[in-house]
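There are 2 protein chains.
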Amino acid sequence: LECSGNGRVFLEPPQVGIRWELGAVGTAEWKGVPLAAVLERAGVKPNAVEVILEGADKGEFKEPNPRTPGVIPYARSLPLAKAKAPEVLLAYEMNGEPLPPRHGHPVRAVVAGWYGMASVKWLKRIVVTDRTFDGYFQTFMYTTWDSRHGLPTIVPVTEIQVKAQVARPAPYEVVPKGEPYRIYGAAWAGGSDVAKVEVSTDGGQSWTVAKLIGEPVTYAWRFWEHEWRTPERAGPHVIMARATDSRGRVQPMERDHDRRDAVISHVLPIEIEVR
Amino acid sequence: LECSGNGRVFLEPPQVGIRWELGAVGTAEWKGVPLAAVLERAGVKPNAVEVILEGADKGEFKEPNPRTPGVIPYARSLPLAKAKAPEVLLAYEMNGEPLPPRHGHPVRAVVAGWYGMASVKWLKRIVVTDRTFDGYFQTFMYTTWDSRHGLPTIVPVTEIQVKAQVARPAPYEVVPKGEPYRIYGAAWAGGSDVAKVEVSTDGGQSWTVAKLIGEPVTYAWRFWEHEWRTPERAGPHVIMARATDSRGRVQPMERDHDRRDAVISHVLPIEIEVR
């Protein structure tokens, strides 16, 4: 699961919202019941279009605009097709243990392939609805701009984009000059597989293919590494990684501002110091 | 036509947006072609759901959040049923003259019965679409909160609510004590007729039925008057008017905060000074 705001601190101009650095992503093993099975048992009417997941989490935004209408619960909807997909779970175990409280005990959604905001924690209620749900967290928050007939229209954030992230070196890390150094990290691509990760140690001028570690597991991240010999000359350096997925999607170099404050998948520069 | 922000200056707490007092409403005689006739000639496919009206007006909101995605045109959509209704015109004359520039020359929409934001001026393009259009002016602006299954969801502002407005006395007007005084104003109710206007000269404690003037004209305002004898005792007074429409809808006394910064139809107090 990756938060759609992962990496927000890198955005220019600065955005409102939690100023995530690189840590708002992880991979766990989930166990649960497919939402599809519950919908099947409950019986879904032919005019249903969406499934709303409501969590016990609640709160109020007073500032900045737009405000919430008082205290509201956290809720997100899924189009019926995604709600019925096998990768959407009502999970009660994480890594072989009952869900810990902060991960959504006793039961949460895990909407694999989508950003984390869809995986509603502390599930309280599931509503099947015949109309589009335009709740606070899929209009004012967690939306991007799409173009329809040349006109911008907001769309809820959904699928995780292809992305490689550098775990080491960390931003502003000091590394010794003229020595072997293992650059490594993770890459993921929503419901696709990671086909390739490339690394640049010169701020994006040249790229080398990194080594992918282990076997691909759909919806999980995949580790990669690159053995680097650090430069003889001391000074600042910029490390980058970019991924390509099995559908040929390449991680973009530039930020797309239509993504507002979310879906931060462009290549992020990691500034380090060689000494 | 009434702006959905008419009376915004009266809202507590103060809202972002043009701080309209009472003047953002008017009635004119429009001449044009029904949008339905144009759609009929063009041919609308069976999967159409909305009609987007795009104006030549454009601009950018940088602050406050949420921003527009750069410079965007003003555009609003109508559900197909309203777009095909006979009261929706592509107007080219106002009060017997070609549209003046500031009223949308050479052609504008007049969406009778709906607040003014739907009546797009300086029409440039009409798009029939098979998906919901969630443009800036019907998500971030000009929306109210509706409740679906106990969860707030935003809905675009549409129908004009029943409302009586006091034209005279004006707010903070000084009126002489112990004399006849004609309180008057206008009332309107979207596509319904105004059935009754009541006036209070004691801050809402007691109400008297006002006299409706002329004949009802659907979608136009109707004037009303009330002959008042001003009090012998000098001091501040609060004048109010409230309307009831032919469907039995009564203008509410209290503001509904789910209406955000729009659809200001509750009874507004006009503070005056008797001297």
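Chains as they are written, first to last, in this note's numbering: chain L, 1 to 275; chain W, 1 to 275.
From the three backbone atoms N, C-alpha and C, an ideal C-beta is built for every residue, glycine too.
query, result
"According to DSSP, is methionine 240 of chain W part of a helix, a strand, or is it coil?", "strand"
"Can you have a look at proline 156 of chain W and say buried or exposed, based on whether 16 or more other CB atoms are within 10 angstroms of its CB?", "buried"
"Does valine 16 of chain W have its Cβ less than 8 Å from a Cβ in chain L?", "yes"
"Taking contact to mean 3 or more Cβ pairs, one atom from each stretch, closer than 8 Å, check whether the segment 49-56 of chain W and the segment 118-130 of chain W are in contact.", "yes"
"Might you give, ordered along the chain, the residues of its own chain that have their beta carbon closer than 6 Å to the beta carbon of alanine 91 of chain L, omitting 5 neighbours on each side?", "Trp30, Gly32, Arg108, Val110"
"Rounded to whole angstroms, how far is the Cβ of proline 187 of chain W from the Cβ of lysine 163 of chain W, which I believe are closer than 8 Å?", "It is alanine, not proline, that sits at residue 187 of chain W in the sequence shown. At roughly 7 Å, the Cβ-Cβ gap stays under 8 Å, so alanine 187 of chain W and lysine 163 of chain W are in contact."
"Does any residue of chain W have a CB that is nearer than 8 Å to the CB of alanine 37 of chain L?", "no"
"So, helix, strand or coil for glycine 235 of chain W, using DSSP?", "strand"
"Restricting to runs no shorter than 3 residues, where is the beta strand (DSSP E) found entirely within the segment 172-205 of chain W?", "180-188, 194-200"
"What do you reckon, are the CB atoms on valine 197 of chain W and alanine 243 of chain W nearer than 8 Å?", "yes"
"Quick check: is any heavy atom of the ligand NAP less than 7 Å from the C-beta of tryptophan 122 of chain W?", "Looking for the ligand NAP in the displayed structure turns up nothing, as the structure carries no ligands at all."
"For a quick check, are the C-beta atoms of glycine 113 of chain L and glutamate 87 of chain L less than 8 Å apart?", "yes"
"Report all residues from its chain with a CB closer than 7 Å to the CB of threonine 208 of chain L; omit the five preceding and five following residues, and keep chain order.", "Glu198, Val199, His226"
"Kindly list, in the order they appear in chain W, the residues whose Cβ is closer than 7 Å to that of tyrosine 136 of chain L.", "Pro152"
"What does the Cβ neighbour count give for aspartate 134 of chain L, buried or exposed, with the cut at 16 atoms within 10 Å?", "buried"
"Please report the distance separating the alpha-carbon of valine 16 of chain L from that of valine 9 of chain L.", "10 Å"
"From this set, L:Gly204, L:Phe223, L:Tyr219, which residue's C-alpha is nearest isoleucine 213 of chain L's C-alpha?", "L:Phe223"
"Any residues in the segment 114-134 of chain L with a beta carbon nearer than 9 Å to a beta carbon of chain W? Which ones, in chain order?", "Arg125, Val127, Thr129, Arg131, Thr132, Phe133, Asp134"
"Can you give me the C-alpha to C-alpha distance between lysine 82 of chain W and alanine 48 of chain W, rounded to a whole angstrom?", "13 Å"
"Taking phenylalanine 61 of chain W as the query, report the chain L residues whose CB atoms sit under 8 Å from its CB, ordered along the chain.", "Going along chain L, no residue has its Cβ under 8 Å from phenylalanine 61 of chain W, so there is no contact; the nearest lies around 11 Å."
"Determine the DSSP secondary structure at arginine 279 of chain L, reduced to helix, strand or coil.", "One cannot answer for residue 279 of chain L here, as it falls past the ends of chain L, which runs 1 to 275."
"With the cut-off set at 8 Å, would you say tyrosine 74 of chain L and phenylalanine 137 of chain L are in Cβ contact?", "yes"
"Here's the rule: buried if 16 or more other CB atoms are within 10 angstroms of the residue's CB, otherwise exposed. What is glutamate 2 of chain W?", "buried"
"Specify, as a first and last residue, the run of the beta strand (DSSP E) that glutamate 78 of chain W falls within.", "The identity of residue 78 of chain W in the sequence shown is leucine, whereas the question assumes glutamate. It spans 72-79 - the beta strand (DSSP E) in which leucine 78 of chain W sits, taken as one unbroken run."
"Tell me, please, whether the CB atom of isoleucine 52 of chain W is closer than 8 Å to any CB atom in chain L?", "yes"
"Considering only the beta carbon of each residue, do valine 238 of chain L and isoleucine 270 of chain L sit closer than 8 Å?", "yes"
"Nearest to tryptophan 228 of chain W by CA position, among W:Gly190, W:Arg182, W:Tyr172, W:Lys84, is which residue?", "W:Arg182"
"Could you pull out every residue in the same chain whose Cβ sits closer than 6 Å to the Cβ of glycine 204 of chain W, ignoring the five residues on either side in sequence?", "Met240"
"Taking only beta-carbon positions, decide if histidine 266 of chain W is within less than 8 Å of chain L.", "no"
"If the criterion is Cβ atoms closer than 8 Å, does the pair glutamate 273 of chain W and tyrosine 172 of chain W meet it?", "yes"
"CB-CB under 6 Å to serine 77 of chain L, same chain, minus the five flanking residues each way: which ones, in chain order?", "Glu50, Ile52, Phe133"
"Give the list of continuous alpha helix (DSSP H) stretches no shorter than 4 residues that lie fully inside the segment 28-74 of chain L.", "35-42"
"For threonine 27 of chain W and threonine 218 of chain W, what's the separation of their Cα atoms in angstroms?", "11 Å"
"Does the CB of alanine 75 of chain L have a neighbour CB from chain W at under 8 Å?", "yes"
"Determine, using beta carbons only, whether arginine 148 of chain L comes closer than 8 Å to chain W.", "yes"
"Distance, Cα to Cα, lysine 84 of chain L vs valine 38 of chain L?", "9 Å"
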